[in-house]
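Peer 1: Structure incoming, see below.
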Amino acid sequence: MAFNDIERQRCERDLAKFMERHRTHPHIRPKLDFGYRITGHSIEIFEIRPDWQNPKQKMEHPVAKATFVRTQYLWRVFWMRRDLKWHGYEPNPEVRSLQAFLEVVGRDEYCCFFG
Numbered sequence: 002m003a004f005n006d007i008e009r010q011r012c013e014r015d016l017a018k019f020m021e022r023h024r025t026h027p028h029i030r031p032k033l034d035f036g037y038r039i040t041g042h043s044i045e046i047f048e049i050r051p052d053w054q055n056p057k058q059k060m061e062h063p064v065a066k067a068t069f070v071r072t073q074y075l076w077r078v079f080w081m082r083r084d085l086k087w088h089g090y091e092p093n094p095e096v097r098s099l100q101a102f103l104e105v106v107g108r109d110e111y112c113c114f115f116g
């Protein structure tokens with residue numbers, strides 16, 4: 002079962018605040034921007050860039066992912082490795098809230114999310 006309407010609105014509110022703090026300046030956004038997607042119980046943060054072969058086409062590159070485990074009431078944190086698979090983020094594999102996930106991604110202490 003996916004998020005209900007209230008949970009989804011809370012997620013979107015928290016993600017909007019995160020994006021407001023971490024997005025690039027408006028004049029840089031055509032070359033680098035960030036977005037998010039909510040699918041089922043997962044939230045994915047990705048960067049948006051022009052394709053290097055066709056600059057008119059936009060490409061999305063995954064940055065971070067969190068999946069809510071309702072039975073344990075926690076979020077599992079993932080990062081995309083160069084093998085293009087999601088891996089658990091070992092320093093903080095689980096957090097108790099979406100805000101905690103966004104703090105982990107924002108700090109990016111080990112340069113796993115934004116490089």
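If you're matching positions, the sequence shown starts at 2 in the numbering used here and goes up one per residue. Glycine included, C-beta positions come from ideal geometry on N, C-alpha and C. If you're wondering where the values come from, they're calculated on a predicted model, not measured in any experiment.
1) According to the neighbour-count rule (16 or more other Cβ atoms, all chains shown, within 10 Å of its Cβ), is Arg14 buried or exposed?
2) Can you give me the Cβ contacts of Phe69 inside the same chain, cut-off strictly under 6 Å, excluding the 5 residues immediately before and after it?
3) Output needed for Gln54: all residues of its chain with C-beta closer than 7 Å, excluding positions within five of it in sequence on either side, in chain order.
4) Can you give me the start and stop residues for the beta strand (DSSP E) that Asp109 sits inside?
5) Whole angstroms are fine: how far does the CA of Arg24 sit from the CA of Arg50?
6) Can you list, in chain order, the residues of its chain whose CB lies under 7 Å from that of Arg97, leaving out five sequence neighbours each side?
7) Can you name the start and end residues of the alpha helix (DSSP H) that Asp15 belongs to?
Peer 2: In brief:
1) By the Cβ-count criterion, Arg14 is exposed, with fewer than 16 other Cβ atoms from all chains shown falling within 10 Å of its own Cβ.
2) His42, Trp76
3) none
4) Where Asp109 is concerned, there is no enclosing beta strand (DSSP E), given that its DSSP letter is neither H nor E.
5) When rounded, the distance between both Cα atoms is 13 Å.
6) Here the set comprises Leu75.
7) 6-23
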